[in-house]
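Let me begin by presenting the structure, written as structure tokens, before commenting on it.
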Amino acid sequence: MKSPSKEPTYQMMQQYLSVLKKHYRQLLRKQRLSVALLFFAVLLLGFFIAGITELFFYLPAPVKITVGLTLLVLASIAVYLLYHRLESPTFKQFYQRFCSTHALPQLSDALDLYHDSENKDRPLQQAAIKQNTEQLNPEEVEAKIKHFLKQHPSYKYYQSGIAGLAGTLLLFITLSTLQPGAVNRMAHVWINYTPPNPYSFTIEPGTTTIEQGESIIPRIIFEDEIPENLSLAFKTDIENDYRKREATQINENQASFAPISLTTSGRYYFNMDGFKSPTHQISVQLRPRLEQLTVHIIPPSYTRLDTSSYSYPFSQIKAYQGSRLALSATTNKAISELEISHSARTDTVLHIDNSSDSLIVRDQWEITQPDTVSFNMADEAGLSNKNKFRFVVNPRRDRSPFVNITAPENNIQMKTAEDILIQYEAGDDFGLTSATLNYELQQAFKKEPEHGSISLGRPSMSKQEQYRWAIPELNPKPRDVITYWIEVTDNDGYNGYKTGRSQKMVISFPSMTEYMDELETEEEKVTESLDDISESFEQMEREYDEFKEKLKKNPETNWEQKKQLQQVEQERQKIDKKVDDLNKKFEQIREEIEKSHAMSPETLKAYDELQKLMKEINNPELQKALEELQKSLGEMSPDEMRKALENYEFNEEIYKQRINRTKELFKTLKLNSDLDKMAKSLEELAKQEKEVSESEQSPAEDLEQQKAIQDDFEQLREQLEQLDKNAPEKTKDRVQKLKETSQQRMEQTKQKLQENIEKLQKQQQAPKSDPKTRQQQQNIQKQMQQMAQQMRSAKQQMSQQRKKVNSRALEYILYSLINLSTNQEELTRETENLPPRSRAFVTKARKEKNISQQFTVLSDSLYKLSSEIPSFSNRINKKKVEIENKLSRAVNTLSERDKSNSIYTQRQSLGGINELSSMIASLLEQLQNQQNGGSGGGMSMQQMIEQMQKMSGQQQKLNQQIQNMINDIQGNRLSKDQTKRLNQLSKQQNRIRKQLKKMQQSGELESGDRVLSELERMSDQMEDAINDLRGGQLDQQLMQRQQNILSRMLSAEKAVQERGKEDRREATTAKEQQQSSSPDITLEELQQRIRKMLNDPNRTKFSEDYQRLIEQYFELLEEQENGVIN
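Pasting the structure below:
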């Protein structure tokens, strides 16, 4: 059986179905295309109309958007209406309508039967389909169906849509061609467009790039007239709305606006009568700059310095020449160009790749001269750095080395050549290579100097170096001058070695006359200083007197009184300073005299003694008394104030006496010094004259030396004129007579010198001097020697006469003191036996007043003698002032009938008179030893140690005895036995003190030695202890003083032992001392000595009364001493 699909009938039906379905699909496609064509045609028409409208009206964006949306809505509505108007038949409806329209029922039936699924395979159905299809012509059917489609409404809509779309498209293309701007504006519906600006203008600065923080001034320039309404609109990128500004200045066709300062980018435009200018962009950027700049300075190798670094900011770099400068710089942003300017080379221009965010630059060169380094850079926007990052390079030259001679500090004058120790300090920036001592020896009477140098090796940097120069090897003569200096060389490896030179120092060898003249000048300065100190002291006295007067008028303390005391203190401080300066000057003179041996031993010794007295001028007790007066002013009772004033006045009087005494002693010393200097100068001139007379040199050279001798001799004559200017009053007559005699002889010698010079001038061309000239020179020499001897003899005679007179005066004062001591002792005993408040006290007061007046006369004489005797201790003057005060207080207490205090002050007065007598006796013996040429051996260091140990043991025992006695008394009154015991203890302390003084005078200790100062303090404390013991004053203060004495003595003993060990290690021998010592005087020795003086036929006889009083005094002393011993 055949398959249905293979049957002809079936195949025919498939053919008809294929044709119908194809055209059916065409119909449906045309319907859809019709809808689309209508949609686009409506849109294009709407855009055409909107474009025409935009062309004339410049629709705003909202309107344009509304129009666009409206067009979309309208097109959608048209599509919707058309879509519903058009029928969309099914396939069955399509072929049925086709068959009906073209009267093809056979085809319709066949198709219906074919689609009948229930009877599809039945033979009857197939026969019916076959019958119907056989009646049809396929070509005719296809032709009819094509005709049917063309007549269908959908096909008409399709054709209309194509025509409409083509027409609207043509219109839109025409509009776009003729008015593209309008179409473009309409296409950008979201943008507001304005009508074209009718004004022609130029905007400055337009679109630009500026640095952050900079300002721009917007400016618009019109070609024609300026619009009536003109404004500026601007905003930053972080703002939403534009800000409006009116023009600040309008000139003709130009308008300017206020500056715009921006920190971020922004934009701006101009509004003019409703029209808007183009919007310009302002780009805000950072200017290019250096983010980091580091400079390394690499010093030259010879400096051995480390590399130094500088980090910006800096303005100046200092580096040594020859150093290398290496820089490293980093910019803050990408830059297109960098220029480094400096003098080492031409400007360096670097073009940089913009891809990098920053740049690192490195460069280096050698520093040779002053330079300025700067950086210029620009970025891709054209911004350049305003700050040139300029810095200055100052090359430092390796400075020349320096050398300074530190010792000797000043130029030196040498009487005789001796070695000098040169100390110098040299330094340089980096190192030294050598040092040389250079000198010039300018010999007298020669034109050209001799030059020389001594290598000192390589000195250390900034370290004290020294060299001992043997000056005697140069064999200098008087009037020769040596100029010397030191040169050092550095290690400069860039500029070459440089030399540094020290100051020039001079060693001169003056003639004796010149040397003595300089000493004279220095001594005159001492005289002026003493006068100045004396005037200052008088001013201080006046200030104190004013204070005292005000205090009397107003006992109540006020501000003026305190201020007055402050002025007194200020004056005292000035005096202390002047005294210190005076001591320094005097010490320099003494050292120079000792060093040059220009003075006689006697004068030198007088210098030493006076120097010691000068050091004692400053009185610490005066300062202490003034300080106590200042502190207690207003807080004291009247009695305490009186005591404080008395204490100050006491110390003030001592200070004054020391100043005046020093002035008078210096006058005597100055006279002796002048005579010594003139004698020494005359001897030196005689020596030079002898050398001229014996020399083998030419008359011309003799002439030069003779003229030099004449000049020196003339200076001597001038010094002789001043000889009696400051001489002591007692010696002025003798000095005047010596001056007149010497002037006559000098005048004769002067004439002979002039004659000799005239003869030598005539003989200048001769090879040798005439024998007569030589003989005359020898005569001149002898005359000079005679004058020198005359000076020395006169000095010696005046010295001996002065000592003789002073000794006699001291003897008289000693005898008078012994007499006063006897009277005081007797008066003290009488007072002890008086009943309290007895009227007899008045009689005793008169006797005490008589003793006080007699002592005052002796005190004045002692002070005058102290101005004549340098070895006269200041302690004697201090002691006599103390005794005067004690005697005065004794008179007052007796007048007040105060028995206890009267006895106490009388005992103190008696003890002081006895002590003073002992001191004068020691001084008298010392002067006699000097007159008799007495000598004694010095005490060695070992002997001093043994003596100190002995005294320490004695002092310890004495302290124990005093302590036992204090324990025994325990507040009770002293008995006669206890009083005698105290006198015995005071004598023991006095013997220890004398041993101490002897050791001070005979030991190896030099003036200014610390141990010697300790011994002096111990002696003063012992003297105070002696007075307390004699006055019966036993308390803990006395015991404390005794312990201090022992402590000082043990410390001094230890110091002397250490000194002895050092001396033994150095193996030095103790020098012989030619000093007289003050022996420990016993009562028997003192009695024998005074009796010897009384019986001496060469001494002035005293009255029998004096002799009898002296004998009675010693008898009483013997009785007292025997009573104490028993």
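So the sequence shown is numbered by the UniProt record's numbering: it starts at 1 and just counts up by one. All residues carry an ideal CB built from backbone N, CA and C; glycine is no exception. This one's a predicted model, so the numbers in the text were calculated from it and none came from an experiment.
By the neighbour-count criterion, in which a residue is buried when 16 or more other Cβ atoms sit within 10 angstroms of its Cβ, Lys-446 is exposed.
Taking all protein chains in view, the Cβ of Pro-153 is surrounded by fewer than 16 other Cβ atoms within 10 Å, so the residue is classified as exposed. In the displayed model, Val-842 falls within a helix according to three-state DSSP. The C-beta of Met-461 has fewer than 16 other C-beta atoms within 10 Å across all chains shown, which makes the residue exposed. Secondary structure note for Glu-425: its beta strand (DSSP E) is the uninterrupted segment 420 to 427.
Under the criterion of beta carbons closer than 8 Å, Ser-534 and Lys-663 qualify as touching, at roughly 6 Å. Membership of Lys-739 in the alpha helix (DSSP H) is indicated by the continuous run 732 to 762.
Residue range 61 to 85 is occupied by the alpha helix (DSSP H) that includes His-84. Here Leu-1012 is near Gln-1000, since their CB atoms are less than 9 Å apart. With fewer than 16 neighbouring CB atoms inside 10 Å of its own CB, Thr-174 falls in the exposed class. In this structure the segment 570 to 580 does not lie against the segment 589 to 604, because fewer than three pairs of beta carbons, one per stretch, are closer than 8 Å.
In the three-state DSSP reduction, Pro-638 falls in the helix class (H, G or I).
Taken through DSSP and simplified to helix, strand or coil, Gln-292 comes out as strand. Cα atoms of Ser-215 and Leu-262: separation of roughly 7 Å, rounded to the nearest angstrom. For the pair Asp-724 and Asp-674, the Cα-to-Cα distance works out to about 10 Å. Boundaries of the beta strand (DSSP E) harbouring Val-393: 391 to 396, taken from the DSSP string. The Cβ atoms of Asp-379 and Leu-432 lie no closer than 9 Å to each other.
With fewer than 16 other beta carbons inside 10 angstroms of its own, Thr-416 counts as exposed. With respect to Ala-644, Leu-629 sits close: the two C-beta atoms are nearer than 9 Å. Here the C-alpha atom of Ala-809 lies approximately 24 Å from the C-alpha atom of Lys-886. The C-beta separation of Met-505 from Pro-408 comes to about 7 Å, placing the pair in contact by the 8 Å criterion. The segment 862 to 871 and the segment 782 to 801 do not touch, with fewer than 3 CB-CB distances between them shorter than 8 Å. Collapsing the DSSP output to three states places Phe-234 in a strand. As computed with DSSP, Thr-499 is found in a beta bridge with Thr-489.
Here Gly-213 is exposed, its C-beta having fewer than 16 other C-beta atoms within 10 Å. When the beta-carbon positions are compared, Val-488 and Phe-402 come within less than 9 Å of each other. Contact annotation, Leu-113 with Val-79: C-beta distance approximately 40 Å; criterion of less than 8 Å not satisfied.
Per DSSP, Thr-202 is one residue of the beta strand (DSSP E) stretching across 201 to 204. The three-state reading of DSSP puts Glu-211 in strand, counting E and B together. Asp-371: member of the beta strand (DSSP E) spanning 371 to 378, first to last residue. Cβ neighbours of Ser-400 within its own chain (closer than 6 Å, five residues either side excluded): Lys-498, Gly-500. Rounded to whole angstroms, the separation of the alpha carbons of Tyr-83 and Leu-111 is 29 Å. Per DSSP, the continuous beta strand (DSSP E) segment holding Gly-452 begins and ends at 450 to 457. Residue pairing for Tyr-269: DSSP places it in a beta bridge opposite Ala-233. Ile-238 is classed as exposed because its beta carbon has fewer than 16 other beta carbons within 10 Å across all chains shown. A contact between stretches requires three or more CB pairs, one per stretch, nearer than 8 Å, and the segment 218 to 234 meets this requirement with the segment 261 to 281.
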